[in-house]
Each structure stands twice: as structure tokens, then as C-alpha cells.
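For the sequence shown, position 139 (counting from the first letter as 1) is numbered 139 according to the UniProt record's numbering, and the numbering increases by one without interruption.
Below is one structure; the comments refer to it alone.
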Amino acid sequence: MWGQGMDAGSMPSLMPGGMAPSWGGMGMDGGPVPPGPVGTGPGMGLPGGFVMPTNTSPSGLPGMSDDGTCTVPKGGGAPPSTLMPPGMPGMAGDAGGPGMMMNPMMMNPMFAAMAQGGAGGGAGDSGGPRPPMMNPMAMMMMQPMMAAMAARMAQGGNSPEGAGGAGGPGGEANPMASMMNPMAMMMQQGGMNPMMAMANMMRGGQGPQKEVAPPKEEPQDVGIDPDVQELGDYYNIEDRWIKRLNETMKKRKDTKDQDLAKLYEVLERARSPTGLLTVKIGEMESGQFVGKIKPDKDVERLARKFKLDEHVKSRLTELAVRLKDMKDMHLDRLEQHLSYSKHPNAMATLLAGKLLEHEVEELPDLKEAEQVMEKFRLDDDAKSKLREIVEKRASEKTEVLATVRKHLEASQHPSAMLCRIARSLIDGEKLDDPPERRAPPRPAPGGGERDRERGYDYARD
Numbered sequence: 001m002w003g004q005g006m007d008a009g010s011m012p013s014l015m016p017g018g019m020a021p022s023w024g025g026m027g028m029d030g031g032p033v034p035p036g037p038v039g040t041g042p043g044m045g046l047p048g049g050f051v052m053p054t055n056t057s058p059s060g061l062p063g064m065s066d067d068g069t070c071t072v073p074k075g076g077g078a079p080p081s082t083l084m085p086p087g088m089p090g091m092a093g094d095a096g097g098p099g100m101m102m103n104p105m106m107m108n109p110m111f112a113a114m115a116q117g118g119a120g121g122g123a124g125d126s127g128g129p130r131p132p133m134m135n136p137m138a139m140m141m142m143q144p145m146m147a148a149m150a151a152r153m154a155q156g157g158n159s160p161e162g163a164g165g166a167g168g169p170g171g172e173a174n175p176m177a178s179m180m181n182p183m184a185m186m187m188q189q190g191g192m193n194p195m196m197a198m199a200n201m202m203r204g205g206q207g208p209q210k211e212v213a214p215p216k217e218e219p220q221d222v223g224i225d226p227d228v229q230e231l232g233d234y235y236n237i238e239d240r241w242i243k244r245l246n247e248t249m250k251k252r253k254d255t256k257d258q259d260l261a262k263l264y265e266v267l268e269r270a271r272s273p274t275g276l277l278t279v280k281i282g283e284m285e286s287g288q289f290v291g292k293i294k295p296d297k298d299v300e301r302l303a304r305k306f307k308l309d310e311h312v313k314s315r316l317t318e319l320a321v322r323l324k325d326m327k328d329m330h331l332d333r334l335e336q337h338l339s340y341s342k343h344p345n346a347m348a349t350l351l352a353g354k355l356l357e358h359e360v361e362e363l364p365d366l367k368e369a370e371q372v373m374e375k376f377r378l379d380d381d382a383k384s385k386l387r388e389i390v391e392k393r394a395s396e397k398t399e400v401l402a403t404v405r406k407h408l409e410a411s412q413h414p415s416a417m418l419c420r421i422a423r424s425l426i427d428g429e430k431l432d433d434p435p436e437r438r439a440p441p442r443p444a445p446g447g448g449e450r451d452r453e454r455g456y457d458y459a460r461d
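See the structure below:
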């Protein structure tokens, strides 16, 4: 700006925060800062000791002198070059004590140029008058170029300026270049990750953040068996019962196919498939469930004789398997009861269920009842009622059959009499003995014409 006819004291506040472009313009005394371990610019409170190289900028730019040097007017407050580490590019190595570098975050090239003032810019500097400071606007335009140059210097490139730090190509990163380029500084601090470096600097320079270990993955569920899931979808079973059935089937792998076939069979006729499935799962867990197996030959014979349905046949097969120790007796007595039933399928399902659920230990024998049927020549309805009476009163079968005989003997129509007293006997009522049956009285002998008119014709002895 001085090259355009403005002095340092009258330069408008173009810098951030209203800062004047030189130490003198800020009302501070010029001159060198005494050397020491920590040097600060006068009145600034910032670390001092940084000097901009004077031979790294090309000539011909606005605000530059013809010989290509970039110097600042006298009156600043930069320390002498003795505070700079030896071996910096474009600088003569002094043997002075070490100096503190300026805060990298404050090392915008504009601030770097402003920080150069007074005497002691480098070796051989006489401290005489200096050319005016470069135009700040031109310096802002030069920032991309300077950043690229600093990056090459940080990487130890083949440029002459980069060779003065670490000894040529392939050397260590040039600290001067890193200070000139804040982005390069962040890349070095964050392990070549600018975003990580910026985050570290925002945290106050606490160093790279430790990587958080990813949460341990919980072991995934093996999943539902496809066959079990298919059964659940077919009958619209709730998910929680499908999972429980799947866990149960894992313990019954040897009978999986038979178990599923049986479940399809019983759930097909269920009013509430989910409710019945819960019962069957309980039977599986207690070891009482029997899957679909090969039919028993005796069961097949009963199925053909009474024309039983498949599901009834399967139920009888389950009965033969679970109660195999008494299979012959159960099937024999079951056949007796089916012989006097009007609905064999329903009766077989009912009686088999009672046996399987242990509601009764065995079915009552009908041999005594069959003798009554034959003696009084009962019809089918009376036979069915007598079978039901024996089933319901099995524990007192002998006494009940004795009562039935008395009533049938006292009646002229035994079948009708049995149907009339059946409900009372089924309900457990006790019947009184019927009155004794009397023979019709014989008319007195004689009578003659009058008796013949009335239809009486007696043979005389």
C-alpha cells in the first residue's frame, strides 16, 4: 500500500479485527526484540521469531521491488535472524539461540508479511531503508501459489528451496513450509488427514482422537427352520409360537418329518390352530406327542370295517403306539362300542381321546350288555342306548344291568321300555323296581248263550 502513496500510519484497517499492516501503524515502537527462549512481538502477545524468506517470491507482482525481493518497511518489531533455526530456505544459518515459532494458526501469509519489520531480516542486512510492503490484496491473490509451493517444500520436492531443509528430495518435511501453509501443518498433525487435524486443533491440540472400537456384533439367530416357518404361515400362527415350535423341533430332529405331518393333520380341523399348536408343543416337550407313523394292521382293519376317516385312523394309530402294552384290549373294546354306534367316526375320535388323555384307563366291556340285547331282541336304538348306559355307569355296570333286566322283563315292549328309562340311568338316577307282571285272569266256567255272544267259547271237559 505504501507503493501507492500511503504511509503506514494512515493506512486504513484492512486486516481482520481492524489491525494495521505494520507494527508502526499499530502504535508500537519498532526495533528488535531481545533474544530469549520466548520472544513476543511488542504489544501483540503472540510468539515471535518468524521471518519471511526474502528470496522465494517472484518479481513483477504488485507491490514488489524490481529485484524480486519482498521486504517490509522499517519500524516493525521482528526479532533478528539469530532467532531462526539454521538451514531454513533462503536464510543464512546463524549460530544464535533457538527462537519460538509463531502460532501456526496465525501464519496466514498476510500476517507473515506483516510480522516482518525492523532490522534483522537475514544475514548481511544492514538495517537501512527497505522497500515498501507488498499490497495485501496482492498477497491474498498469491495465497494459492504460496500454498502449492509450501506443499511441495513440505514433501521434500526437487525445487532449490526444498533442498535446503532436509538435504534434497526424499527428505523430511520442511517445518518452514508447514508453518507457511496451515493446511500442510494440519496434514502433518493429523496424519495426512486434514479433517482430523482440524478437529484436533479445535479440541485444543490434544492430539489425534483415539479410534472408538466398533460395537461387538451380537451373535445372529440361526433362524427359523423353513419347514416350520411354512407351517406357521399356512395356519397363520403367531411368531412367538413359531419360535417356540422351532426350538422344540431342534430337540426332535429324528422325527421332524413325522411330527410336522401330524401337525398338518390335526391343525387342519382345529377351530383355533394357534391354541391347538400350543397344546401339541406341550405334548412334544413332555414326550407324549407321536408324529405321523405307518398305520397298524389292526387299526387298518377297524378303519375298513367302520369306514373311518384318515384323521380318525391316525388317531387310532397314535393310540396303538402310545398304549402299545394294552393295544389289543383297547382296540377290541373299541370295536365293541363302535358296533353299536350310529356315528362311528365321531365315536372313535371321542373314545380314543379319552384314552389318550387318560380320562379313563380303559373302556368298559360290553359282553354282559350284548347278552341283554340278544335276550330281549332290542332294536338298534335300544342297543345304542344300552351301550351309552354301560359307558356312563361303567363303575357300577353290574347293578345297572340288573335294573335294566327287571324293567325289560316287566314290559311287553322291551326296546321302548329301555329308551324310556335310558336318560335316568345315564344321569345316574336310581330306579325303583318295576311291579311284577301278572297273567290275565281266566273267566269262570259256564255262561252258555250269553258267553258265546260275548265271544267266550270254553271247551268243556
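Beta carbons: idealized from backbone N, C-alpha and C, even for Gly.
Count the other CB atoms within 10 Å of the CB of residue i; is the residue buried (16 or more) or exposed (fewer)?
| i | result |
| --- | --- |
| Gly428 | exposed |
| Leu350 | exposed |
| Ser415 | buried |
| Met344 | Going by the sequence as given, residue 344 is Pro instead of Met. Burial call: buried. |
| Gly353 | exposed |
| Val360 | exposed |
| Asp379 | exposed |
| Gly232 | buried |
| Gly282 | exposed |
| Arg315 | buried |
| Gly291 | buried |
| residue 463 | In the structure displayed, the chain extends from 1 to 461; residue 463 sits before or after that span and is not available. |
| Met149 | buried |
| Leu431 | exposed |
| Arg393 | buried |
| Thr71 | The predicted model places Thr71 with a pLDDT of 48, which falls under 50 and marks its position as unreliable; any figure quoted below should be read in that light. Per the 10 Å Cβ criterion, buried. |
Which same chain residues, not among the five before or five after residue i, have their C-beta less than 6 Å away from its C-beta?
| i | result |
| --- | --- |
| residue 483 | Limits of the chain in this structure are 1 at one end and 461 at the other, which puts residue 483 out of reach. |
| Asp298 | Leu331 |
| Asn246 | Ile224, Asp225 and Val228 |
In chain order, what residues of the same chain have a beta carbon less than 8 Å from the beta carbon of residue i, not counting five sequence neighbours either side?
| i | result |
| --- | --- |
| Glu300 | Lys313 |
| His337 | Met347, Leu351, Leu363, Leu366, Arg387 and Glu391 |
| Arg333 | Glu362, Leu363, Pro364, Asp365 and Leu366 |
| Arg269 | His311 |
| Val404 | Val372, Leu386, Ile389, Leu418, Ile421 and Leu425 |
| Thr255 | Gly291 |
| Glu285 | Thr248 |
| Phe289 | Asp259, Lys262, Lys280 and Glu283 |
| Arg244 | Ile281 |
| Asp381 | Ser415 and Cys419 |
Go through its chain and collect everything with a Cβ distance to residue i's Cβ below 7 Å, but skip five positions before and after it.
| i | result |
| --- | --- |
| Leu401 | Glu368, Ala369 and Val372 |
| Thr274 | Ile237, Glu238 and Trp241 |
| Tyr340 | Lys383, Ser384 and Arg387 |
| Lys406 | Asp433 and Pro434 |
| Glu265 | Lys292, His311 and Ser314 |
| Asp227 | Leu260 |
| Leu408 | Phe376, Pro414, Met417 and Leu418 |
| Lys342 | Ser384 |
| Pro295 | Lys313 and Thr317 |
| Gln229 | Ile242 |
| Asp309 | Asn345 |
Determine whether the Cβ of residue i lies closer than 8 Å to any Cβ atom of chain B.
| i | result |
| --- | --- |
| Asp227 | Within the model displayed, chain B is absent; a lone protein chain is all it includes. |
Which full runs of the alpha helix (DSSP H) of 4+ residues lie inside the segment 333–365, going along the chain?
344–356
Is there contact between the segment 293–308 and the segment 274–282, where contact requires at least three CB pairs shorter than 8 Å?
no
Could you tell me which whole alpha helix (DSSP H) segments of length 4 or greater appear in the segment 252–303?
256–267 and 273–286
Taking only runs that begin and end inside the segment 360–427, name each unbroken alpha helix (DSSP H) of 4 or more residues, in chain order.
367–375, 380–392, 397–409 and 414–426
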